[in-house]
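> FYI, in numbering that gives the first Met the number 0 the residues of the first sequence are 0 to 651.
Don't be surprised by glycine CBs; every beta carbon is placed ideally from N, CA and C.
Given the structure is predicted, the values throughout are model-derived calculations rather than measurements.
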Amino acid sequence: MKMSDLERHLHRGPPGEGFHRETCKKAAPASPAVAAVSCADPAQPSGWAGPHRRWCRVCKAESWRRPSMENADVAQVLAEVADLLELTGGNAFKARAYRQAAQIVDLLPTPVSELWREGKLTELPSIGERIAAHIEELLNTGRFREHDQLLAKVPPGVLELLKVEGIGPKTASLAWKRLRVKELAALVKACRDGSMEKLPRMGAKRVAAILLALERYQARKGRVPLHRALATAESIAERLRKVPHVRAAEVAGSIRRRRETIGDIDLLVAATGADEVIRAFREAPEVETLTATGPTKCTARLKSGLQADLRIVPPESFGAALHYFTGSKAHNIELRTRAMRRGLKLSEYGVFDRQGKRLGGETEQDVYRAVGLPWIPPELREGAGELEAAEEGRLPRLIEEKDVRGDLHVHSEASSDAHSSLEELCKEAGRLGREYLAITDHSKSRPLGLDAVQMRAHALAIQRFGLQREEAPRLLTGVEVDILQDGTLDLPLDVLQGLDWVVASIHSHFTDPPGKITQRMIAAMRSGVVDVLGHPGGRQLGLRDAYAFDFEKVLEVARAERVALEVNAMPERLDLDDKHCRLAKDAGVALVISTDAHHASQLGNLRYGVWMARRGWLERGDVLNTLGPRQLEARLHRPRHFGTHIELRASL
DNA sequence: GCCGTTTTCGGCCCGACTGTTTTCAGTCG
Ligand SMILES: Nc1nc2c(ncn2[C@H]2C[C@H](O)[C@@H](COP(=O)(O)OP(=O)(O)OP(=O)(O)O)O2)c(=O)[nH]1
Ligand SMILES: [Mg+2]
Ligand SMILES: [Mg+2]
Ligand SMILES: [Zn+2]
Numbered sequence: 000m001k002m003s004d005l006e007r008h009l010h011r012g013p014p015g016e017g018f019h020r021e022t023c024k025k026a027a028p029a030s031p032a033v034a035a036v037s038c039a040d041p042a043q044p045s046g047w048a049g050p051h052r053r054w055c056r057v058c059k060a061e062s063w064r065r066p067s068m069e070n071a072d073v074a075q076v077l078a079e080v081a082d083l084l085e086l087t088g089g090n091a092f093k094a095r096a097y098r099q100a101a102q103i104v105d106l107l108p109t110p111v112s113e114l115w116r117e118g119k120l121t122e123l124p125s126i127g128e129r130i131a132a133h134i135e136e137l138l139n140t141g142r143f144r145e146h147d148q149l150l151a152k153v154p155p156g157v158l159e160l161l162k163v164e165g166i167g168p169k170t171a172s173l174a175w176k177r178l179r180v181k182e183l184a185a186l187v188k189a190c191r192d193g194s195m196e197k198l199p200r201m202g203a204k205r206v207a208a209i210l211l212a213l214e215r216y217q218a219r220k221g222r223v224p225l226h227r228a229l230a231t232a233e234s235i236a237e238r239l240r241k242v243p244h245v246r247a248a249e250v251a252g253s254i255r256r257r258r259e260t261i262g263d264i265d266l267l268v269a270a271t272g273a274d275e276v277i278r279a280f281r282e283a284p285e286v287e288t289l290t291a292t293g294p295t296k297c298t299a300r301l302k303s304g305l306q307a308d309l310r311i312v313p314p315e316s317f318g319a320a321l322h323y324f325t326g327s328k329a330h331n332i333e334l335r336t337r338a339m340r341r342g343l344k345l346s347e348y349g350v351f352d353r354q355g356k357r358l359g360g361e362t363e364q365d366v367y368r369a370v371g372l373p374w375i376p377p378e379l380r381e382g383a384g385e386l387e388a389a390e391e392g393r394l395p396r397l398i399e400e401k402d403v404r405g406d407l408h409v410h411s412e413a414s415s416d417a418h419s420s421l422e423e424l425c426k427e428a429g430r431l432g433r434e435y436l437a438i439t440d441h442s443k444s445r446p447l448g449l450d451a452v453q454m455r456a457h458a459l460a461i462q463r464f465g466l467q468r469e470e471a472p473r474l475l476t477g478v479e480v481d482i483l484q485d486g487t488l489d490l491p492l493d494v495l496q497g498l499d500w501v502v503a504s505i506h507s508h509f510t511d512p513p514g515k516i517t518q519r520m521i522a523a524m525r526s527g528v529v530d531v532l533g534h535p536g537g538r539q540l541g542l543r544d545a546y547a548f549d550f551e552k553v554l555e556v557a558r559a560e561r562v563a564l565e566v567n568a569m570p571e572r573l574d575l576d577d578k579h580c581r582l583a584k585d586a587g588v589a590l591v592i593s594t595d596a597h598h599a600s601q602l603g604n605l606r607y608g609v610w611m612a613r614r615g616w617l618e619r620g621d622v623l624n625t626l627g628p629r630q631l632e633a634r635l636h637r638p639r640h641f642g643t644h645i646e647l648r649a650s651l
């Protein structure tokens, strides 16, 4: 069988959506038809054996990375029910209820299975008796009856039609019922042979647009990490600010909320007229073509492949529009519903009373004030309980970048994958205002990593270099020591004890069973010498999911042993992530935000970690490196006087 | 299906753009 590129793509998920690509070798792109019913397709819950053990259909190997029905899986099924209801002409509001429930579960930091055990499911907003029962069935058996019944009615390929831009439930259902279109390939055919064009409300232009959208769907890249969209977005915003009659231009959407990944770029402009703004936008070097334009907004495809939405509003609506365009959608709906209950109407144009009289909208504060709430920072606007917290005066006072005083995970050229000298690191860190810097190079299990003798010598060198410096930052001797497969550390304990700061990280055997990963972390934390667990989740965006380890257990031990957890600020790590930050905070475990810089230029990445921490509701007091060096020493589990150990040892 | 300082029944956020349409449905943000 020969497959066209299009068909090939139709059977394969986009990069980054795979389930356990690392462990399943057989579901390679070479056999795309097989991959369609294997681990590559999250829309196939029937391919999984149940809630506690799952196997990849292709290679029959147990998928350790996803050992049970996780929140994302439950959310996925509920959202699918919403799609199925719409496709089968069910009640649109019922569909929306399922979609809302899915969104709530997806944002939950706590495992939904835990809430179910505690009988707390119906305490969640948008989850009533019915959906709670479905979730229970899902957790117990990996499926539920209503979902199965709907699946039996709708061919699986029809669900995928919905992912094509411009195709919604009505179009998909028409194509399916009238033309027997059951998959993307059949849709392409129906568009080409003229049958699609004959459907109601279809025409030549619609069909051409769908064909184009199908091609883009093949080439789709999925979401991109925040840092890859941020510079582009800000550069376009900067250009728009210079356009005549533009009062303000801001980046909105998920970028302003600092989500770890970004679906598109959203830009808001306050101006008296839109034409000039749109013209400047079209001519921006990043922009390829405009795919839609109107008097108040337009959409562009960028050369990078990303999409950018531009919205233009009159200056008096800027605050309301910034609120609208920052989202999230769930946050907007919640706030608009709240306004409605108070007899008000909230839109991107402002807040209006029953008579349609405008009550405000120039600033975001106007919007929140009108519904009796304090301003909510964008990082919290996910619809994950922030409105309730605001109502009750429980909004956190979020940590800020300027609160962070030192960086406790930095590599020098003594690490084979890093490239800056102590001198270069200090200079840049000083420029950034850091008061202290822990030099934490790799231990011997990593290529060219330090053994015990080298570690001692390196620590001495760091200390000598530090002593000859007058100005900030202060240097701490440290290491990023590997946690080996058996849970022991890669350097002798007495060597580690002689250091100011010990980061312990897992860099090998990620695919071990999650229980084993958990045990390795616990053993490391119980060594008595570890200060912080480095990049605890082990994920790398677009490359590797986090381990399916027992985070609750890790938190318990971290608290008991007074070991901190890292918020690694590398833009492709961001680990711990926002939800895990929130759980750690609630468990009373301290966090450390670190750049893990491998070059002086990466010391500025700290902000990405701070943003993640803010999304995790962290305050200054939750983060150890907001302390000065003396205060930090006092907080550690074993006595420490930064900068003295090696000297003492040397003088013995 | 969920939910309640109007409601336990009857609502469910609100608006822009496109292509089809002869007044608006569908999709998206
Ligand atoms: N009121 C309301 N606002 C919406 C709706 N859909 C989107 N928005 C607002 C909130 C979103 O954050 C904003 C931008 O839309 P996007 O689709 O780009 O979503 P967002 O940027 O949040 O996430 P993304 O990373 O792009 O997937 O528009 C909606 O259905 N109702
Ligand atoms: Mg967006
Ligand atoms: Mg958008
Ligand atoms: Zn590391």
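Among the residues of its own chain, which have a CB less than 7 Å from the CB of Q539, if the five just before and after it don't count?
Excluding sequence neighbours, Q539 sits near E571, R572.
> Taking only the alpha-carbon atoms, compute the straight-line gap between P628 and Y435 and give it to the nearest angstrom.
About 7 Å.
> Apart from the five residues just before and just after A74, which ones in its own chain have a Cβ nearer than 6 Å to its Cβ?
Correct list, in chain order: A101, V104, D105.
> Let me know if T336 comes out buried or exposed under the rule of 16 or more other beta-carbons within 10 Å of its beta-carbon.
Classification for T336: exposed.
> If distances are taken between C-alpha atoms only, which option among E135, V409, G167 comes closest to D82?
The shortest Cα separation from D82 among E135, V409, G167 belongs to G167.
> Tell me whether the beta-carbon of R258 lies closer than 8 Å to the beta-carbon of L225.
Result yes, Cβ atoms of R258 and L225 sit closer than 8 Å.
> Go through its chain and collect everything with a Cβ distance to I254's Cβ below 8 Å, but skip five positions before and after it.
Around I254: L225, A228, L229, A232, I261, I264, D265.
> Counting C-beta neighbours from all protein chains within 10 Å, is the total for V452 16 or more, i.e. buried, or is it exposed?
Burial call: exposed.
> Whole alpha helix (DSSP H) runs in the segment 351-420 with 4 or more residues, listed along the chain?
With a minimum length of 4 residues, the continuous alpha helix (DSSP H) runs that stay inside the segment 351-420 are 363-369, 385-390.
> Could you please give the first and the last residue of the uninterrupted beta strand (DSSP E) stretch that includes K188?
Counting along the chain, K188 falls outside any beta strand (DSSP E), though it belongs to the alpha helix (DSSP H) covering 183-191.
> Looking only at DSSP bridge pairs, what is P224 linked to?
For P224, which the question treats as bridged, DSSP gives the partners T260.
> Can you tell me the Cα-Cα spacing of W374 and A389, whole angstroms?
Going by the C-alpha atoms only, they are around 8 Å apart.
> Which residues in the same chain have their Cβ closer than 6 Å to the Cβ of D402, if we skip the five residues on either side of it in sequence?
The residues are R619, T625.
> In terms of DSSP beta bridges, what is Y435 paired with?
Per DSSP, G405, R473.
> How would the residue list near ligand 6 read, in chain order, if you kept each one whose beta-carbon is closer than 6 Å to any heavy atom?
You won't find ligand 6 in this model; what it holds is ligand 1, ligand 2, ligand 3 and ligand 4.
> Taking only heavy atoms of ligand 1 into account, decide whether any of them is closer than 7 Å to the Cβ of K296.
K296: no, Cβ never under 7 Å from ligand 1.
> Which one of R310, Q630, Q99 has the shortest CA to CA distance from V76?
The option with the nearest alpha carbon to V76 is Q99.
> Look up A503 in the DSSP assignment and give the residues it is bridged to.
Per DSSP, V480, L532.
> Over what stretch of residues does the beta strand (DSSP E) that includes N90 continue unbroken?
It is not in any beta strand (DSSP E) - N90 carries neither H nor E in the DSSP assignment.
> Closer than 8 Å is the cut-off here; do at least three beta carbon pairs connect the segment 589-596 with the segment 560-570?
Verdict: yes, contact present.
> Can you list, in chain order, the residues of its chain with a C-beta nearer than 6 Å to that of D621? Leave out the 5 residues immediately preceding and following it.
For D621, where only same-chain residues beyond five positions count, the Cβ hits under 6 Å are K584, L590.
> What is the DSSP secondary structure of S442, reduced to helix, strand or coil?
Here S442 sits in strand by DSSP.
> I'd like to know if the segment 265-275 and the segment 313-327 are in contact, where contact means that at least 3 CB-CB pairs between them fall below 8 Å.
The answer is yes - the segment 313-327 touches the segment 265-275, with three or more Cβ pairs under 8 Å.
> Select from A522, D576, R219, K176 the residue whose C-alpha is nearest the C-alpha of G88.
Of the candidates A522, D576, R219, K176, the one whose C-alpha sits nearest the C-alpha of G88 is K176.
> Assuming V494 contacts I521 under a Cβ cut-off of 8 Å, what Cβ separation, rounded to an integer in Å, is found between them?
Not confirmed; about 22 Å, so no contact.
> Using a threshold of 8 Å, state whether the C-beta atoms of L492 and V528 are closer than that.
Taking 8 Å as the Cβ cut-off, L492 and V528 qualify as a contacting pair.
> DSSP three-state call for V622: helix, strand or coil?
Correct three-state label for V622: strand.
> If we require 4 or more residues per run, which alpha helix (DSSP H) segments fall completely within the segment 280-339?
Listed in chain order, the complete alpha helix (DSSP H) runs (minimum 4 residues) inside the segment 280-339 are 317-325.
> Taking 7 Å as the cut-off, is the CB of R281 close to at least one heavy atom of ligand 1?
Checking every heavy atom of ligand 1 against the Cβ of R281, none is found closer than 7 Å.
> Assuming the contact rule is C-beta atoms closer than 8 Å, S414 and L421 should be a hit. Round their C-beta distance to whole Å, please.
With a Cβ gap of about 12 Å, S414 and L421 do not count as contacting.
> Does DSSP classify R56 as helix, strand or coil?
Confidence in R56 is poor, its pLDDT being 39 and thus under 50, which makes the residue's placement unreliable; the coordinate value appears in the next sentence. Reduced to three states, the DSSP call for R56 is coil.
> Using C-beta distances below 8 Å, list every residue in its chain close to R222, excluding the 5 sequence neighbours before and after it, in chain order.
Same-chain partners within the cutoff: G15, T260, I261, G262.
> Please list the terminal residues of the continuous alpha helix (DSSP H) segment that includes N139.
Residues 128-140.
> Sorry if obvious, but does the Cβ on E315 come closer than 7 Å to a heavy atom of ligand 4?
For ligand 4, not one heavy atom lies less than 7 Å from the Cβ of E315.
> Is the closest heavy atom of ligand 4 to the C-beta of D489 under 7 Å?
D489: no, Cβ never under 7 Å from ligand 4.
> Buried or exposed: F92, going by 16 or more other Cβ atoms within 10 Å of its Cβ?
Exposed, because fewer than 16 other Cβ atoms sit within 10 Å of the Cβ of F92.
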